[in-house]
Amino acid sequence: MPSYSYRAGVSADVTETLDMATVLVFLQEGYVVTIPDKQGKRNAFAAGHIEGRQTLDGIRATLSFKPLDFSKDTRVAGGIQSGWAASLKRKYAPELNMVGWYSGGTPSNLIVKANKSFFSGFLISGLLGISLAYSSVYDTLEKNGTEKLKEGIKYAKSHCQLEMLVKYPFQDLSKEYTLAGEYLLELEPVNSALQKQVMGVHEDETPDVPILMAHGTSDEISPYESAFKTYKDWCSHGAQVEFITFQSKFSSHFITQLTSTSMATGSKIPKTEDDWYLWDADISDRDSENEEILFQDVDCYWLLDWKGNLDIDALVKFFVEKTIDEKELLSKYGITIKRSFGPEPDKGPWFSARPNPGKL
47 MPSYSYRAGV
57 SADVTETLDM
67 ATVLVFLQEG
77 YVVTIPDKQG
87 KRNAFAAGHI
97 EGRQTLDGIR
107 ATLSFKPLDF
117 SKDTRVAGGI
127 QSGWAASLKR
137 KYAPELNMVG
147 WYSGGTPSNL
157 IVKANKSFFS
167 GFLISGLLGI
177 SLAYSSVYDT
187 LEKNGTEKLK
197 EGIKYAKSHC
207 QLEMLVKYPF
217 QDLSKEYTLA
227 GEYLLELEPV
237 NSALQKQVMG
247 VHEDETPDVP
257 ILMAHGTSDE
267 ISPYESAFKT
277 YKDWCSHGAQ
287 VEFITFQSKF
297 SSHFITQLTS
307 TSMATGSKIP
317 KTEDDWYLWD
327 ADISDRDSEN
337 EEILFQDVDC
347 YWLLDWKGNL
357 DIDALVKFFV
367 EKTIDEKELL
377 SKYGITIKRS
387 FGPEPDKGPW
397 FSARPNPGKL
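Below you can see the structure in the form of structure tokens.
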């Protein structure tokens with residue numbers, strides 16, 4: 047818990063010391079940084095909805111702290127435990143003036159890789175956290191868990207995650223931790239509760255401001271495939287998401303955390319057409335009959351079909367100014383548009399809107 051470990055000094059907990067190194071980057075730039083006890087007073091690790099609400103409540107508390115003299119219009123951006131905060135903000139804290147989120151190594155599905163791995167201790171901590179959030183899960187674990195599981199949960203109540211990893215590496219929860227004849231995490235209501243911790247499934251839990259996601263293909267804790275699926279799901283629900291892939295054998299969870307943090311900078315937000323520049327704008331001269339091109343916006347990839355000359359101003363209105371919707375794009379300008387998901391397409395030509403470095 048940061049509220050305890052930070053006050054005790056940087057040597058109190060190794061994990062908090064590493065986190066503080068990341069926070070210092072933003073403090074040195076003059077930002078006010080909010081660090082909530084995201085797991086709540088019951089330490090509900092891996093219970094995404096609790097962690098998301100705790101993060102949003104932490105932002106509320108900072109904005110209400112009178113010595114800082116913030117106005118209600120103060121712009122806020124989020125990082126670290128931001129995936130669930132971004133998901134829940136629209137419903138739980140609509141009054142917050144969020145301008146963006148950053149989520150690196152997004153733990154969009156915790157159950158895929160941890161079992162039998164060095165990080166299996168996270169699963170035991172996660173079961174404790176979820177059982178604290180869902181009483182029916184607690185009852186099921188009491189009924190079907192072995193003494194070894196109960197000892198692990200008891201240990202998790204009074205120890206931090208690094209200690210859990212040291213004590214419980216490479217554990218198979220399907221063997222020595224359950225009395226049932228099936229894999230513990232497939233028992234109901236445990237499985238249903240775990241599925242609720244998967245981001246991007248529900249449309250009403252979609253970020254309503256831009257979010258930057260960064261993930262390593264070699265992430266040993268949070269599966270790359272699960273995070274990429276969350277990205278696709280959010281995009282399909284209308285979110286503005288930019289997904290950056292670190293593709294190397296060294297792109298582990300913690301290394302990527304360090305290398306990607308510098309991308310989440312507080313740049314000025316473009317407000318006018320002059321703040322943007324257009325790549326490959328010469329495609330406006332192309333006379334196309336339903337010719338498909340790719341458009342890379344600040345979130346997902348897009349496919350465009352159009353007849354005659356492509357109206358660049360219309361695309362600026364849609365992508366940059368956001369003053370027209372897809373229906374108007376078709377009815378007024380004859381442009382059909384749809385989202386495209388997956389890795390970066392290799393076909394073109396490209397048309398792209400990006401902040402103009404010379405203007406900002």
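First residue of the sequence shown? That's 47 in the working numbering, and the numbers climb one at a time after it.
Where a beta carbon is used, it is the ideal one built from N, C-alpha and C, also for glycine.
Asked                                                                                                                        : Found
Residue 24 - containing beta strand (DSSP E), residue span                                                                   : Outside the shown range of the chain (47 to 406) lies residue 24, about which nothing can therefore be said.
Whether residue 236 touches residue 192 by CB criterion (8 angstroms)                                                        : no
Neighbour-count burial assignment, residue 214, 16 or more Cβ in a 10 Å radius                                               : buried
Secondary structure, alpha helix (DSSP H): runs of 4+ residues fully inside the region 179-209                               : 181-190, 193-203
Own chain partners of residue 257 with C-beta closer than 6 angstroms, once the 5 adjacent residues on each side are dropped : 132, 147, 287
Host beta strand (DSSP E) of residue 290 (start-end)                                                                         : 287-292
Alpha carbon of residue 81 to alpha carbon of residue 151, nearest angstrom                                                  : 18 angstroms
From 285, 220, 176, residue whose alpha carbon lies closest to that of residue 241                                           : 176
Element boundaries [beta strand (DSSP E), containing residue 257]                                                            : 257-262
Cβ contact (3+ pairs, closer than 8 angstroms) linking the region 242-255 and the region 204-212                             : no
Identity of the residue in 127, 98, 75 nearest residue 149 by Cα                                                             : 127
DSSP beta-bridge partners of residue 429                                                                                     : This structure cannot settle anything about residue 429, because the visible part of the chain is limited to 47 through 406.
Cβ-based burial, residue 17 [other Cβ within 10 Å; buried from 16]                                                           : Not covered by the structure: residue 17. The range shown for the chain is 47 to 406.
Bounding residues of the alpha helix (DSSP H) (the contiguous stretch that carries residue 279)                              : 270-282
Backbone secondary structure at residue 369 - three-state DSSP                                                               : coil
Identity of the residue in 375, 239, 281, 299 nearest residue 260 by Cα                                                      : 299
Rounded straight-line distance, which links the Cα of residue 277 to that of residue 360                                     : 26 angstroms
Rounded straight-line distance, which links the Cα of residue 101 to that of residue 364                                     : 32 angstroms
Inter-residue CB distance, residue 171 and residue 139 (contact presumed, cutoff 8 angstroms)                                : About 26 angstroms separates the two Cβ atoms, so there is no contact after all.
Contact check, residue 233 vs residue 164, beta carbons under 8 angstroms                                                    : no
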